[in-house]
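> In our numbering, the protein residues as written are 10 to 282.
Positions of the beta carbon are idealized from the N, C-alpha and C atoms, including for glycine.
So that we are looking at the same thing, I have put the structure below in C-alpha cells.
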Ligand SMILES: [Ca+2]
Ligand SMILES: [Ca+2]
Ligand SMILES: [Ca+2]
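Okay, here's the thing in C-alpha cells:
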C-alpha cells in the first residue's frame, strides 16, 4: 500500500512539473526607439495631444498563466487620458497584434484602414485590437467594416489598461490558439485611435501627404500608403538594423490617382531559439 502511495505522489509531482512548465510561457520582443516614422517619412499630426514618442513601439510581451494571455505593449511616451476622456488611461494609440499560430493556414489581408498585406509565409490566424474605444464600439466597427471571413479571427478584449509607458490587456489564450506560444509568429502595428474614421477605416487615423492637426503626414492622400507608424522587424531585439528592416517592410508604391501599385507587405517576427 505504501508503495502505491509513493507512486501516486510521484505521479502527482510529475503532473505538477508539467503544469508549471505549461503556465510559464512567455514571449518578449523589443523595438528600436525613434523609428515611429512608418516607411521612414511619416510625421506626427500637429495637435499637442500627439506627444512625442506616442507611436514609437518599444516592446511587446505576452505571458501565459492560468489559461490567460497577459499582453503588454510598451511605447515611448508617458500615457495619459486627458485628450478625449477615454476610460483606460490612454487615448491616442491603437495597437494591432497579429499572431500566426498555425504555419499552414492564415489570412494575407490586412484590416481596413491599415493599407497593408501580409506575406503568405506570415499569414495571420488571429488579431487582437487594443483600442481605447469601448469594446462594444470596436466590435460594431469590426462587424461593419471587416470582411466576413476575417471577423471570427478578430479579438476585441473586454478590458485594457494604460499606465506609465505600457498598454496592457488579458485574453483567454484559447481564444488565440493552442500549442507553444514561443513557436508562433507575431507582428505588432502602432496606429492611432480615430474617433471619426472614414467609412472604409477601422477606427484608424489616416496618413496624408502633409500632416494636419489630426492627420499624419509624409505619405499619400490616397490609401496606397501603409497607415502604420511603427512595427516589429528583423529579429525584434531592438537592434538598430531593425529600423532599416521596418522601412523595407513598409515600402510602397502609388499610382498617380492614389491607388496602390505595390502594397506594403508585412512579415512576422519569431522568438530566436
Ligand atoms: Ca520603435
Ligand atoms: Ca494615405
Ligand atoms: Ca519598429
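Taking the alpha-carbon of residue 100 as reference, which of 238, 208, 176 has the nearest alpha-carbon?
Checking every option, the nearest Cα to that of residue 100 belongs to 176.
> Suppose the cutoff is 6 Å on Cβ atoms and the five residues either side in sequence are ignored; what does the same chain contact list for residue 269 look like?
233.
> Report the three-state DSSP secondary structure of residue 61 (helix, strand or coil).
Looking at residue 61 - three-state DSSP - the assignment turns out to be coil, as it is neither helix nor strand.
> Give me, in chain order, the residues of the same chain whose beta-carbon lies closer than 6 Å to that of residue 107; leave out the 5 immediate sequence neighbours on both sides.
Hits under 6 Å: 133, 136, 196.
> Near residue 288, what residues of its chain come up, given a Cβ to Cβ distance below 8 Å and the 5 sequence neighbours on each side ignored?
Since the displayed the chain opens at 10 and closes at 282, residue 288 lies outside it and no answer follows.
> Check the DSSP bridge columns for residue 77 and list the partner residues they point to.
For residue 77, which the question treats as bridged, DSSP gives the partners 74, 181.
> Using only the alpha-carbon positions, how far apart do residue 26 and residue 82 sit?
Only weak support is given to the placement of residue 26: the predicted model assigns it a pLDDT of 48, under 50, and the question is left unresolved by the model.
> Taking the alpha-carbon positions, what's the residue 50 to residue 43 distance?
If you take the alpha carbons of residue 50 and residue 43, they lie about 12 Å apart.
> Where does residue 75 land, buried or exposed, given buried means 16+ other C-beta within 10 angstroms?
Flag for residue 75 reads exposed.
> For the segment 139-226, which segments carrying the alpha helix (DSSP H) assignment without a break, of at least 4 residues, lie completely within its bounds, in sequence order?
Whole alpha helix (DSSP H) segments, 4+ residues: 144-154, 182-185.
> Check whether the segment 84-94 and the segment 108-125 touch, using three or more Cβ-Cβ pairs below 8 Å as the test.
With the cut-off at 8 Å, the segment 84-94 and the segment 108-125 do not touch.
> Less than 7 Å between the CB of residue 66 and some heavy atom of ligand 1, yes or no?
Result yes, Cβ under 7 Å from ligand 1.
> So, residue 150 versus residue 160, is the Cβ gap smaller than 8 Å?
Not closer than 8 Å, so no.
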